[in-house]
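Undergrad: Before we start, here is the structure in question, set down as structure tokens.
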Amino acid sequence: MQPQLIEKYTKPVPRYTSYPTAPHFNSDVGNETYKSWLGDLKKDDSLSLYVHIPFCDTLCWFCGCHTKHTLKYQPVADYLPVLMKEITAISKYAKNRPTATRLHWGGGSPTILNPEDILRLANHIKSSFECSDDLEFSIEIDPRGISDEQLDAMAEAGLTRASIGVQDFNPHVQEKINRIQTYEETKRVVDGLRARGVNSLNLDVMYGLPNQTQQDVEATVDKVISLGPDRIAFFGYAHVPWMKKHQTMILEKSLPDNSERFQQANHAAKRLIEAGYQQIGLDHFAKPDDALAVAERENRLARNFQGYTEDNADALLGFGASSIGKLPQGYVQNITATSDYMREIEDNGVAIAKGYALSDEDRMRAHLIEKLMCDYAIDTGDLTRKFGTLAKPIELELQDLHAHDEEGFIIKNEGHYSISEEGRPYIRSIAATFDTFFASGKARHSSAV
Ligand SMILES: C[S@@+](CC[C@H](N)C(=O)[O-])C[C@H]1O[C@@H](n2cnc3c(N)ncnc32)[C@H](O)[C@@H]1O
Ligand code: SF4
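Have a look at this one:
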């Protein structure tokens with residue numbers, strides 16, 4: 072890829088895990104709106120539950136997640152009963168008792184929880200919400216220092232899928248990101264989970280890290296492949312030190328430039344594909360028989376706050392500080408600061424800081440952007456069938472995009488527009504042209520590649 076193209080298309084843009092994106096949520100949506108939206112959920116609606124644990128016992132300097140470093144267990148022990156209080160309250164407001172089909176614990180590091188608390192929290196969720204018999208239960212796992220007792224507790228709690236953080240296996244990169252993690256300790260956790268019947272595994276890998284070279288990325292990818300995960304999330308490091316102060320520990324001059332990032336992503340993708348993985352959207356890979364790969368082939372892929380998913384639940388309910396929910400009417404986000412969140416839950420049982428009520432036009436643009444991000448294609452006939460005359464301006468916007476497409480990234484076939492192989496890495500920038508909020512330039516984002 073030519074350097075000038077990389078420069079043209081690497082203007083900072085959102086990752087589009089939602090539309091509109093979180094910086095455009097507003098305080099018009101608060102606790103009362105959320106309660107009424109919860110009350111509107113129907114008995115036969117399906118739910119995806121997300122639980123956020125905002126603590127880690129070491130802090131990685133690249134981390135963009137909402138988390139806090141703690142060496143003591145007390146802040147975690149104090150947080151847990153508050154989180155459980157929120158779960159109880161929300162389950163009551165969802166009075167028609169919709170059924171949860173998915174449960175995901177993220178963070179931070181949910182594996183900071185001790186075995187007793189893992190079971191306590193899982194049991195509390197299962198007794199508060201109706202859960203389907205085949206509940207898919209996943210946890211984000213930091214493999215460093217995890218005990219057999221914690222693995223036993225997760226298996227006993229009904230874990231079906233695990234997502235394990237790796238990032239990079241090379242000591243000189245690990246040193247620069249404050250995350251020392253050997254291949255052997257990672258393998259112990261992979262083997263330990265499989266021995267306990269948790270066979271569906273994802274590993275997180277990163278490129279664009281400080282002092283990381285193409286060789287480092289490839290060596291990490293080879294080791295990851297040797298562990299045989301069903302899925303691999305391959306994230307480009309998002310450097311946003313104006314939002315995450317600890318990222319200032321990473322010197323900008325140690326970061327690979329956009330062209331090098333591009334090469335790292337490309338070479339690693341090639342290796343993963345050669346090893347039999349199917350590429351899913353921008354940054355995921357899966358074995359061809361994995362549910363995510365099947366969904367991709369059947370154009371059922373979706374985006375949620377964790378990235379690409381085949382989750383098609385009617386609503387996503389988030390619990391814990393900073394968590395985001397999505398209901399048919401719109402988005403809600405909990406208070407971010409953990410202490411403020413805890414105070415609000417103690418007082419009110421609900422702690423919404425902001426949200427967004429979707430208009431019909433927002434829904435149409437959200438669908439369009441999701442289709443572009445997932446399928447690399449958009450069909451104006453399909454848009455019109457779903458959204459009627461609201462889709463009219465999109466036809467013109469697509470025609471305009473096609474007319475100004477000097478690179479030949481947009482392939483037009485009657486009302487069907489698809490993105491060429493060469494244009495795919497720039498899909499976030501292409502999607503941004505349909506984002507009416509993006510033009511306002513209110514939020515700062517990370518590099519598009
Ligand atoms: C909550 S962590 C995963 C679980 C656990 N805390 C761990 O680190 O092993 C989520 C994942 O997000 C990715 N991530 C975190 N910060 C990032 C950033 N600034 N840019 C891109 N990806 C990032 C990492 O791959 C990380 O594994
Ligand atoms: S990457 Fe994981 S372990 Fe590291 S600071 Fe972020 S949430 Fe914590």
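Using this note's numbering, you'd call the opening residue of the sequence shown number 72 and step up by one each time. Beta carbons are placed, not taken as given, at the ideal position from N, Cα and C, and that holds for glycine.
(1) Helix or strand or just coil, what does DSSP make of Gln-285?
(2) Of the choices Glu-432, Gly-479, Asp-293, Leu-353, whose alpha-carbon is the least far from that of Ala-462?
(3) Taking 8 Å as the cut-off, is the CB of Tyr-308 close to at least one heavy atom of ligand 1?
(4) Enumerate in chain order the residues of its own chain whose CB-to-CB distance from Ala-522 is below 8 Å, with the five nearest sequence positions on each side excluded.
(5) What I want to know is whether the C-beta of Ile-212 ends up closer than 8 Å to one or more non-hydrogen atoms of ligand 1.
(6) Let me know if Arg-173 comes out buried or exposed under the rule of 16 or more other beta-carbons within 10 Å of its beta-carbon.
(7) Following a CB-centred definition, is Ile-235 positioned closer than 8 Å to any heavy atom of ligand 1?
(8) Asp-385 and Ser-117: beta carbons closer than 9 Å?
(9) Does DSSP put Trp-108 in a helix, a strand or coil?
(10) Grab me the residues of Asp-450's own chain with a C-beta within less than 7 Å of its C-beta, minus the 5 sequence neighbours each way, in chain order.
(11) To the nearest whole angstrom, what separates the beta carbons of Arg-232 and Ser-271, a pair I think is in contact under 8 Å?
(12) Do Leu-343 and Phe-306 have their C-beta atoms within less than 9 Å of each other?
(13) Tell me, which residues are paired with Glu-201 by DSSP?
(14) Alpha carbons only, please: which of Leu-429, Leu-192, Lys-82, Ile-416 is nearest the one belonging to Asn-102?
(15) Based on DSSP bridge pairs, tell me the residues matched to Lys-176.
(16) With H, G and I counted as helix, E and B as strand and the rest as coil, what does DSSP make of Ile-217?
(17) Can you grab the Cα-Cα spacing for the pair Phe-208 / Ser-430, in whole Å?
(18) Are there 16 or more other CB atoms within 10 angstroms of the CB of Asn-405, so buried, or fewer, so exposed?
(19) Please determine, among Tyr-497, Glu-468, Pro-464, Ala-424, the residue with the shortest C-alpha to C-alpha distance to Phe-480.
(20) Secondary structure at Ile-501, three-state DSSP: helix, strand or coil?
(21) Since Cys-136 sits in a beta bridge, which residues does DSSP pair it with?
(22) Can you name the start and end residues of the beta strand (DSSP E) that Ser-234 belongs to?
(23) If you run the structure through DSSP and keep just helix, strand and coil, what is Ser-89?
(24) In the DSSP assignment, what are the bridge partners of Gly-486?
(25) Drop a sphere of 10 angstroms on the beta-carbon of Pro-125, count the other beta-carbons inside from all chains shown, and report buried for 16 or more, exposed for fewer.
(26) Out of Leu-154, Arg-250, Gln-470, Glu-468, state which residue places its alpha-carbon closest to the alpha-carbon of Val-276.
(27) How should Thr-138 be labelled, buried or exposed, when 16 other C-beta atoms within 10 angstroms of its C-beta is the threshold for buried?
(28) On a CA-only basis, which of Glu-345, Asp-411, Glu-381, Pro-91 is nearest Asp-361? Give me that one, please.
(29) Report the rounded CA-to-CA distance for Lys-143 versus Gly-459, giving the unit in angstroms.
(30) Within its chain, find whatever has a CB closer than 6 Å to the CB of Phe-376; leave out the 5 residues flanking it on each side and keep chain order.
(31) Does the beta-carbon of Thr-319 have 16 or more other beta-carbons within 10 angstroms, so that it is buried, or is it exposed?
(32) By the three-class DSSP mapping on this structure, what secondary structure does Gly-307 have?
(33) Using 8 Å as the cut-off, can you tell me whether the segment 279 to 288 makes contact with the segment 313 to 332, which would need three or more C-beta pairs spanning the two stretches below that distance?
(34) Please confirm if the segment 238 to 245 is in contact with the segment 192 to 206, defined as three or more CB-CB distances below 8 Å between the two stretches.
(35) How about Trp-108 and Val-403: do their beta carbons lie closer than 9 Å?
(36) Consult DSSP for Met-72 and reduce its assignment to one of helix, strand or coil.
TA: Walking through what the data contain:
(1) As a first step, residue 285 is located in the sequence shown; it is residue number 214 there, counting from the start. Helix, per DSSP.
(2) Residue numbering aside, residue 462 sits at position 391 when the sequence shown is read from its first letter. Among Glu-432, Gly-479, Asp-293, Leu-353, the Cα nearest to that of Ala-462 belongs to Glu-432.
(3) As a first step, residue 308 is located in the sequence shown; it is residue number 237 there, counting from the start. Yes, the Cβ of Tyr-308 comes within 8 Å of a heavy atom of ligand 1.
(4) With the chain covering only 72 through 520, there is no way to say anything about residue 522.
(5) Along the sequence shown, read from residue 1 onward, the residue named residue 212 stands at position 141. Yes, the Cβ of Ile-212 comes within 8 Å of a heavy atom of ligand 1.
(6) The count along the sequence shown starts at 1 and reaches residue 173 at position 102. Label assigned to Arg-173: buried.
(7) Counting from one through the sequence shown, the residue named residue 235 turns up at place 164. Ile-235 Cβ: within cutoff of ligand 1.
(8) Against the sequence shown, residue 385 aligns to sequence position 314. Against the sequence shown, residue 117 aligns to sequence position 46. Yes. Within cutoff.
(9) As a first step, residue 108 is located in the sequence shown; it is residue number 37 there, counting from the start. In the structure shown, Trp-108 sits in a helix (DSSP, three-state: H, G or I).
(10) Reading the sequence shown from its first residue, position 379 is the one you call residue 450. Gly-486, His-487.
(11) Looking up residue 232 in the sequence shown gives position 161. Looking up residue 271 in the sequence shown gives position 200. At roughly 4 Å, the Cβ-Cβ gap stays under 8 Å, so Arg-232 and Ser-271 are in contact.
(12) Numbered from 1 along the sequence shown, position 272 holds the residue referred to as residue 343. Numbered from 1 along the sequence shown, position 235 holds the residue referred to as residue 306. Not a contact, by the Cβ cut-off of 9 Å.
(13) The residue labelled residue 201 in the question sits at position 130 within the sequence shown. Per DSSP, Thr-170.
(14) If you number the sequence shown from 1, residue 102 lands on position 31. With distances taken between Cα atoms, Asn-102 lies closest to Ile-416.
(15) In the sequence shown, residue 176 corresponds to position 105, counting from 1. First, the amino acid is wrong: residue 176 is Trp here, not Lys. Partner(s): Val-122, Ile-210.
(16) The residue given as residue 217 occupies position 146 in the sequence shown. In this structure, Ile-217 counts as coil in the three-state DSSP scheme.
(17) Taking the first residue of the sequence shown as 1, we reach residue 208 at position 137. Taking the first residue of the sequence shown as 1, we reach residue 430 at position 359. In a straight line, the C-alpha of Phe-208 is about 32 Å away from that of Ser-430.
(18) Within the sequence shown, numbered from 1, the residue matching residue 405 stands at position 334. By the neighbour-count rule (16 or more Cβ atoms within 10 Å), Asn-405 is buried.
(19) Mapped onto the sequence shown, residue 480 falls at position 409. Phe-480 has its Cα closest to that of Tyr-497, out of Tyr-497, Glu-468, Pro-464, Ala-424.
(20) Here residue 501 refers to the residue found at position 430 of the sequence shown. Note: Ile-501 maps to helix in three-state DSSP.
(21) Within the sequence shown, numbered from 1, the residue matching residue 136 stands at position 65. Paired residues: none, contrary to the question.
(22) The residue you call residue 234 lines up with position 163 of the sequence shown. Element bounds for Ser-234: 232 to 238.
(23) Along the sequence shown, read from residue 1 onward, the residue named residue 89 stands at position 18. Of the three classes helix, strand and coil, the one that applies to Ser-89 here is coil, per DSSP.
(24) Here the question's residue 486 lines up with position 415 in the sequence shown. According to DSSP, which records beta bridges pairwise, Gly-486 is partnered with nothing at all.
(25) By one-based count along the sequence shown, residue 125 stands at place 54. Buried, because 16 or more other Cβ atoms sit within 10 Å of the Cβ of Pro-125.
(26) As a first step, residue 276 must be located in the sequence shown, where it is residue number 205. The shortest C-alpha separation from Val-276 is found at Arg-250.
(27) On the sequence shown, residue 138 is found 67 positions in, with the first residue counted as 1. Buried, because 16 or more other Cβ atoms sit within 10 Å of the Cβ of Thr-138.
(28) For the purposes of this step, residue 361 is taken as residue 290 along the sequence shown, with counting starting at 1. With distances taken between Cα atoms, Asp-361 lies closest to Glu-381.
(29) The residue given as residue 143 occupies position 72 in the sequence shown. The residue given as residue 459 occupies position 388 in the sequence shown. Each residue's alpha carbon lies about 56 Å from the other.
(30) On the sequence shown, residue 376 is found 305 positions in, with the first residue counted as 1. Excluding residues within five positions, the ones whose Cβ falls inside 6 Å are Thr-88, Ile-395.
(31) As a position in the sequence shown, residue 319 is number 248, starting the count at 1. That one is exposed.
(32) For this step, residue 307 is matched to residue 236 along the sequence shown. Three-state DSSP puts Gly-307 in a strand.
(33) yes
(34) no
(35) Indexing the sequence shown from 1 puts residue 108 at position 37. Indexing the sequence shown from 1 puts residue 403 at position 332. Cβ atoms of Trp-108 and Val-403: closer than 9 Å.
(36) Position 1 of the sequence shown, counted from the start, is the residue given in the question as residue 72. Per-residue confidence for Met-72 stands at a pLDDT of 49, beneath the threshold of 50, marking its modelled position as unreliable; the derived number appears in the next sentence. Met-72 falls in the coil class under three-state DSSP.
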